[in-house]
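The structure under discussion appears below in the form of structure tokens.
Residue numbers (my numbering): 302 to 586.
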């Protein structure tokens, strides 16, 4: 959330209250006053500390492919954020890549979804997408992603900033992965304070481009008609635009929609107008 500094200062008291509430919630689960349910199958959680994109879904896809290559049967649990009908854009992306090689459970009650899968499909491991704060479901390991382009030590708690929990919550993690290190390769000081955590790096690689309609052929950036007007509905649109530039795409401008945005014909007309005039879209819608 890119609040101007005066608004951020006004929101700070609410952030302190939010932070206290987050700590209290964790304590209640730790003391057993709030119930944690455990599935029969080992579960790996992929999550983060912030709102916005850190690359959780690509990490879930990467892990699923790794487990599948070892001959394991994979189940994926997700709440289906901003989706409907037991699906979402993230679920459709995963299904498109994995097909029927993985089993999916989607919904707010991920324990119930997992139990249903266990009853109907034998699985060897569950992957819990965006699970770090979902303490109602026990996990065997927490993988926490940190976007290296957005230093945690410069962040505030919600609503003044992006933090869902205080940085100290990282102590619950089993593994920390810095994403987008191709843009900022240095690790962040906020996590160096926890040297006992295994820390890994992940970078974003370009596979190629393909048309939305028609041929599914993948082609390189050199085959794109240049310059390009880019738009997206991602949690970190700035990183997306920087990646395009790194991959050799000449940008005529860009437009950032809200994360998980559902595009409409009106959006198409707006993007077309911006592209024709070479204008830059302003902020999020």
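Note that CB positions come from ideal geometry on N, CA and C, so glycine has one too.
Since we're looking at a predicted model, the values are computed, not measured.
Alpha-carbon spacing of residue i relative to residue j, whole angstroms
| i | j | result |
| --- | --- | --- |
| residue 449 | residue 543 | 13 Å |
| residue 578 | residue 555 | 12 Å |
| residue 497 | residue 318 | 29 Å |
| residue 431 | residue 358 | 8 Å |
| residue 453 | residue 537 | 14 Å |
| residue 518 | residue 416 | 39 Å |
| residue 399 | residue 463 | 31 Å |
| residue 409 | residue 328 | 22 Å |
| residue 565 | residue 509 | 25 Å |
| residue 384 | residue 390 | Note on residue 384: pLDDT 48, under 50, position unreliable in the model; no value is reported. |
| residue 332 | residue 546 | 49 Å |
| residue 521 | residue 424 | 37 Å |
| residue 336 | residue 451 | 33 Å |
| residue 411 | residue 528 | 44 Å |
| residue 465 | residue 320 | 8 Å |
| residue 326 | residue 434 | 10 Å |
| residue 535 | residue 362 | 17 Å |
| residue 567 | residue 514 | 19 Å |
| residue 307 | residue 500 | 35 Å |
| residue 373 | residue 343 | 12 Å |
| residue 512 | residue 525 | 10 Å |
| residue 421 | residue 366 | 22 Å |
| residue 403 | residue 322 | 36 Å |
| residue 360 | residue 478 | 10 Å |
| residue 334 | residue 562 | 37 Å |
| residue 401 | residue 339 | 25 Å |
| residue 455 | residue 482 | 17 Å |
| residue 388 | residue 414 | 13 Å |
Helix, strand or coil at residue i [DSSP, three-state]
| i | result |
| --- | --- |
| residue 388 | strand |
| residue 341 | coil |
| residue 565 | coil |
| residue 424 | coil |
| residue 352 | coil |
| residue 530 | strand |
| residue 437 | coil |
| residue 458 | strand |
| residue 520 | strand |
| residue 415 | helix |
| residue 541 | helix |
| residue 307 | helix |
| residue 442 | strand |
| residue 584 | Residue confidence is low: residue 584 scores 45 on pLDDT, short of 50, so the model does not pin down where it sits. No coordinate-derived value is stated. |
| residue 546 | helix |
| residue 578 | helix |
| residue 358 | helix |
| residue 560 | coil |
| residue 399 | helix |
| residue 535 | coil |
| residue 554 | strand |
| residue 316 | helix |
| residue 346 | strand |
Contact check, residue i vs residue j, beta carbons under 8 Å
| i | j | result |
| --- | --- | --- |
| residue 406 | residue 378 | yes |
| residue 484 | residue 540 | yes |
| residue 324 | residue 467 | yes |
| residue 438 | residue 428 | no |
| residue 316 | residue 457 | yes |
| residue 330 | residue 459 | no |
| residue 558 | residue 530 | no |
| residue 470 | residue 350 | yes |
| residue 381 | residue 560 | no |
Nearest-angstrom Cβ-Cβ length linking residue i and residue j, presumed shorter than 8 Å
| i | j | result |
| --- | --- | --- |
| residue 345 | residue 364 | 7 Å |
| residue 447 | residue 368 | Wrong, their Cβ atoms sit about 23 Å apart, outside the cutoff. |
| residue 480 | residue 503 | 5 Å |
| residue 304 | residue 312 | 7 Å |
| residue 419 | residue 341 | 6 Å |
Residue i: CB within 7 Å of a non-hydrogen atom of the ligand NAP
| i | result |
| --- | --- |
| residue 309 | Although the ligand NAP was asked about, the structure shown includes no ligands whatsoever. |
Spell out a yes or no on whether the stretch 562-578 and the stretch 536-550 are touching, meaning 3 or more CB-CB pairs, one atom from each, closer than 8 Å.
At 8 Å Cβ cutoff, the stretches do not touch.
Answer yes if the stretch 441-458 comes into contact with the stretch 466-478, meaning at least three C-beta pairs across the two stretches below 8 Å, and no otherwise.
Yes, they touch.
Could you say if the stretch 393-409 and the stretch 362-377 meet the contact criterion of at least three C-beta pairs nearer than 8 Å?
The stretch 393-409, when compared against the stretch 362-377, does touch it at the 8 Å Cβ threshold.
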